[in-house]
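Residue numbers (my numbering): 1058 to 1393. All C-beta atoms, glycine included, are put in the ideal place defined by N, C-alpha and C. Each remark here refers to the structure printed beneath this line.
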């Protein structure tokens, strides 16, 4: 049975599908008056051709048939878009034709459905919102929208939110790196406290006087009183530089008179470091220097008054050197 006029059913005048690369026929269940009332999208692009429409003038709708099937994953959108215009004019005293009135009312109802669908995709306030009027300020590129102080209008933000997010991400990474560094420093401090016994046992051991009575590393001053450095020595008789310190010892080299805190150097593997200080407390015309630089170093000699002095140098090895002076002198040798 042919419809005498279109019946506008209570449906949304829009339907969507996802292409699979093989399907060409896509049905719609809303009424259109003419083929031109249908708009076809593939993803976000309006299609002007490449398909046919059936079912115009039918209450139950019809089909859109593509010449080539939409690709897999492509969103197919079919939506009614009737021009908002008056197409029927009723003459005063003219013949009453119910179909013409029904068609006009159906068209108005279809347009109202169309507008309702568009409104449903807009930003709206809740029914209980006190806002009755909203003004949006002029757009500024690369800015976000935000409410003003009294929530009476929406304006652009001062900064680009993407840049702010990037800065925040960088700050978070820096904070994480700082936390990692702090944890590493804490672990190093714990290691010193547990293994070096610094400030707990100020025993001085010579190179051959290794003890392991408590199962932990002992602290000793290599070559007794003359090298300004602290080492740990393990049971395999290997040495490793730990920390440079300033200290004063008696001439006998057996009693520490004072011992200052660490001066900021850090643990370096295999006993290798960039600088080394040798202390000669007893005046002598020959200084025998043993260091751990692993090279023939550059040097500066100073006496107890910090005056630079000259001496003859013989490199015995990469880690040992002998210095001779014309008189007995006490002081320091700075090696680097």
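For a test of your reading of the model: does the CB of residue i fall under 8 Å from any non-hydrogen atom of the ligand COA? Yes or no.
i	result
residue 1361	This structure does not include the ligand COA; it has no bound ligands of any sort.
For the alpha helix (DSSP H) that contains residue i, what are its first and last residues?
i	result
residue 1149	Premise fails: residue 1149 is in no alpha helix (DSSP H) and is neither H nor E.
Could you work out which residue in the options is closest to residue i when comparing CA atoms only?
i	options	result
residue 1363	1093, 1342, 1152, 1388	1388
residue 1157	1168, 1145, 1149, 1151	1145
residue 1394	1234, 1239, 1343, 1393	As displayed, the chain neither begins before 1058 nor continues past 1393, which places residue 1394 out of reach and without an answer.
residue 1164	1386, 1114, 1237	1114
residue 1162	1152, 1347, 1147	1147
Please report how far the alpha carbon of residue i lies from the alpha carbon of residue j, in whole angstroms.
i	j	result
residue 1004	residue 1140	Residue 1004 lies beyond the stretch modelled for the chain, which goes from 1058 to 1393, so this question has no answer here.
residue 1201	residue 1182	19 Å
residue 1198	residue 1190	25 Å
residue 1084	residue 1124	15 Å
residue 1078	residue 1134	16 Å
residue 1093	residue 1155	25 Å
residue 1142	residue 1073	27 Å
residue 1439	residue 1209	Since the first and last residues shown for the chain are 1058 and 1393, residue 1439 lies out of range.
Do residue j and residue i come within 9 Å of each other at the CB atom, strictly closer than that value?
i	j	result
residue 1064	residue 1091	no
residue 1106	residue 1120	no
residue 1086	residue 1066	yes
residue 1213	residue 1196	yes
residue 1390	residue 1338	no
residue 1069	residue 1132	no
residue 1033	residue 1336	Nothing can be reported for residue 1033: it is not among the residues displayed for the chain, which extend from 1058 to 1393.
residue 1203	residue 1192	no
residue 1345	residue 1384	no
Could you check where the beta strand (DSSP E) with residue i kicks off and where it finishes?
i	result
residue 1373	1369-1374
residue 1390	1377-1392
residue 1347	1333-1347
residue 1096	1095-1099
Residues in the same chain with beta-carbon distance under 8 Å from residue i, minus the five sequence neighbours each way, listed in chain order, please.
i	result
residue 1353	1372, 1375, 1378
residue 1166	1065
residue 1219	1199
residue 1184	none
Could you pull out every residue in the same chain whose Cβ sits closer than 6 Å to the Cβ of residue i, ignoring the five residues on either side in sequence?
i	result
residue 1071	1136, 1174
residue 1095	1089, 1110
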